[in-house]
Amino acid sequence: MLNLNKKIVVAIDGSPQSDKAAEEAVRLAASSSRSFRSTVHAVMVLPSMRTPSFTDFFPNIPATEREDWEQQRQRIFYVVEKAAREAEVQLENHVIYGEPVEEILNFVEEQQIDVIVIGSSGKGRVRRALLGSVSSKVAMHARCSVYIVR
Numbered sequence: 756m757l758n759l760n761k762k763i764v765v766a767i768d769g770s771p772q773s774d775k776a777a778e779e780a781v782r783l784a785a786s787s788s789r790s791f792r793s794t795v796h797a798v799m800v801l802p803s804m805r806t807p808s809f810t811d812f813f814p815n816i817p818a819t820e821r822e823d824w825e826q827q828r829q830r831i832f833y834v835v836e837k838a839a840r841e842a843e844v845q846l847e848n849h850v851i852y853g854e855p856v857e858e859i860l861n862f863v864e865e866q867q868i869d870v871i872v873i874g875s876s877g878k879g880r881v882r883r884a885l886l887g888s889v890s891s892k893v894a895m896h897a898r899c900s901v902y903i904v905r
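Below is the structure:
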């Protein structure tokens with residue numbers, strides 16, 4: 756059976772390129788017929804913290820640290836949330852910990868995503884020069900369509 760309810764992932768990191776990708780993902784979802792509802796999944800991948808931090812030794816994270824994290828999260832997701840609200844597109848936000856390429860590809864497989872929308876470059880310019888860009892690696896290994904936004 757043909758499923759026209761598309762699942763779209765947009766990888767975000769707070770960079771101008773990821774903001775453009777977020778707006779484009781919402782535009783793609785909104786362009787589908789009203790009788791078919793596409794969902795945008797905004798995915799932010801943060802590095803895993805394997806080394807002990809001061810919060811490991813205290814059961815409660817200080818309120819100021821929680822507030823700082825919440826403000827940063829809200830700022831990063833703001834563009835995609837605003838675009839989705841204005842276009843009346845269903846949006847789900849996800850924060851995942853790990854290596855960006857691996858986690859994005861795992862999420863795409865687990866959720867049976869149809870399209871990945873990703874910026875051509877993110878915040879890690881030095882890392883990209885040394886290891887290759889997240890967008891090019893995702894495009895190379897993804898089993899679904901990948902839309903790279905410049």
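Residue numbers for the sequence shown follow my numbering, so the first one is 756 and each next one is one higher.
The beta carbon of each residue, even a glycine, is placed where N, CA and C say it ideally should be.
Predicted model, so just to flag it, every value in this text is computed and none were measured.
Opposing strand residues paired with residue i [DSSP bridges]
| i | result |
| --- | --- |
| Ala797 | Val765 and Asn848 |
| Val901 | Ile871 |
Between the CA atoms of residue j and residue i - distance to the nearest angstrom
| i | j | result |
| --- | --- | --- |
| Asp869 | Glu825 | 30 Å |
| Lys761 | Gly874 | 20 Å |
| Leu757 | Glu865 | Reliability fails at Leu757, whose pLDDT of 48 lies under 50, so the model's placement of it is uncertain and the value that follows must be treated cautiously. If you take the alpha carbons of Leu757 and Glu865, they lie about 20 Å apart. |
| Leu885 | Phe791 | Reliability fails at Leu885, whose pLDDT of 43 lies under 50, so the model's placement of it is uncertain and no value is given. |
| Asp823 | Ser786 | 36 Å |
| Val893 | Leu783 | 19 Å |
| Met895 | Pro802 | 21 Å |
| Val889 | Val856 | 6 Å |
| Ala780 | Arg905 | 13 Å |
| Glu858 | Ser876 | 17 Å |
| Val901 | Gly769 | 19 Å |
Neighbourhood of residue i by C-beta distance below 6 Å, restricted to the same chain and skipping five residues each side
| i | result |
| --- | --- |
| Leu846 | Val795 and Ala839 |
| Val850 | Met799 |
Other residues of its chain near residue i: CB distance less than 8 Å, five sequence neighbours each side excluded
| i | result |
| --- | --- |
| Phe832 | Ile767, Ala797, Met799 and Asn848 |
Helix, strand or coil at residue i according to DSSP, with G and I counted as helix
| i | result |
| --- | --- |
| Ser773 | helix |
| Phe791 | coil |
| Glu779 | helix |
| Pro855 | helix |
| Asn861 | helix |
| Glu822 | helix |
| Glu843 | coil |
Any non-hydrogen atom of the ligand SAH within 6 Å of residue i CB
| i | result |
| --- | --- |
| Glu825 | Here there are no bound small molecules, and the ligand SAH is not part of this structure. |
Cut-off 7 Å between Cβ atoms - residues of its own chain near residue i, not counting five sequence neighbours on either side
| i | result |
| --- | --- |
| Val863 | Val764, Ile871, Ala897 and Cys899 |
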